[in-house]
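Heads up, the thing below is written out as structure tokens.
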Amino acid sequence: FQHTPLENKAPTVRLIQILPDLAPSGHVQCIIHHTLINDRPYDCLSYEWGAEQSGGHIFLNGRLMAVRENLLAFLSEAAQSYHSINLWIDALCINQEDEVERSYQVRQMGVIYTNARQVLVWLGSDARTSSILSALSKPSAEREESGRLQEHEDMIYLGQNSYWSRAWITQEVSLAKSLLLMAKGAAVDELKLPYSARFRMTHFGGTRQKDPQEENLLALLHKFRSQKCHVKRDTVYSLLALCRDGPNVKVDYTTSDSGVMQSIL
-16 FQHTPLENKA
-6 PTVRLIQILP
4 DLAPSGHVQC
14 IIHHTLINDR
24 PYDCLSYEWG
34 AEQSGGHIFL
44 NGRLMAVREN
54 LLAFLSEAAQ
64 SYHSINLWID
74 ALCINQEDEV
84 ERSYQVRQMG
94 VIYTNARQVL
104 VWLGSDARTS
114 SILSALSKPS
124 AEREESGRLQ
134 EHEDMIYLGQ
144 NSYWSRAWIT
154 QEVSLAKSLL
164 LMAKGAAVDE
174 LKLPYSARFR
184 MTHFGGTRQK
194 DPQEENLLAL
204 LHKFRSQKCH
214 VKRDTVYSLL
224 ALCRDGPNVK
234 VDYTTSDSGV
244 MQSIL
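What follows is the structure, encoded as structure tokens:
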């Protein structure tokens, strides 16, 4: 698969739709199209990229495209229960081979996540995670029968999911209008979560729904220094939409990590 270049209009994005039927070969099928960001409602996916090796392939506009294992797991799940919805997924909607486009689209990510109808938090295919989310989706009266101790242990388990260690989720969760937590065979709206779990999602320095003018980049870098990413400069880029001096920092994947770090000091 090869991406068609985006039009020189701002902000233009690609959105995908997952088709409900698998290809005869058994592959997930998606279609991708270009649109102005305000032209149609869409949801954003927040997830771990995971190991670099391909987990398999999907059909994107009828052509094979390699995707990583965790994304393939989400797409396979969504094909059953979440098809025909406009989705923004970074690995598919940004041409990762084009550093100029990548730089521009990453600069737009604050707007992309802010304008999304909701953010889908994919926590993976782990059986216990699925069981916990399934239980949390039930009425509170049914949940109380399982006991507060079990609920507390479940929240600790969810909080230990490696998803929460990603640098990019600070922005993705903070800017979301609403969150839907998903795992294989289960989904639950954030409003159904116990307070302890909601706190886990709002613990990112209280940045969620906070005025970005109140924070500066260096303070946020210190606050979130334990968050992880594969590309060093993304520790900076992942926070730009959350701080008052973010617009002053150029997003540029053609330069070195050290160059980016020097530019903010």
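Take the sequence shown: its letters are residues -16 to 248, numbered as in our numbering. Note that beta-carbon positions come from the ideal geometry of N, C-alpha and C, so glycine has one too.
Measuring C-alpha to C-alpha distances from S239 to each of K215, C226 and Q36 identifies K215 as the nearest. Closest in C-alpha terms to D81, from the list V171, N69, P(-12) and L162, comes P(-12). For H205, the enclosing alpha helix (DSSP H) begins and ends at L200 to K206.
In the DSSP secondary-structure assignment, C13 is bridged to I1 and L43. Just so you know, the alpha carbons of Q88 and L47 end up roughly 23 Å apart. In the DSSP assignment, L162 falls outside any alpha helix (DSSP H) and within the unbroken beta strand (DSSP E) covering L162 to A166. Straight across, the Cα-Cα distance linking W147 with Y30 is about 9 Å.
The count of Cβ pairs closer than 8 Å, one atom from the region 208 to 227 and one from the region 149 to 160, reaches three, so the stretches are in contact.
Secondary structure at A62: helix, using DSSP grouped into helix, strand and coil. Distance between N98 and I115, taken at the CA atoms: about 29 Å. Annotated three-state conformation of K211 is strand, per DSSP. With fewer than 16 other CB atoms across the displayed protein chains lying within 10 angstroms of its CB, L19 is exposed. With fewer than 16 other beta carbons inside 10 angstroms of its own, T237 counts as exposed. By the neighbour-count criterion, in which a residue is buried when 16 or more other Cβ atoms sit within 10 angstroms of its Cβ, R208 is exposed. Pairing S113 with K167 gives a Cβ-Cβ distance under 8 Å. The Cβ atoms of I14 and A61 do not sit closer than 8 Å to each other.
An exposed status is given to N231, since fewer than 16 other beta-carbon atoms sit within 10 Å of its beta-carbon.
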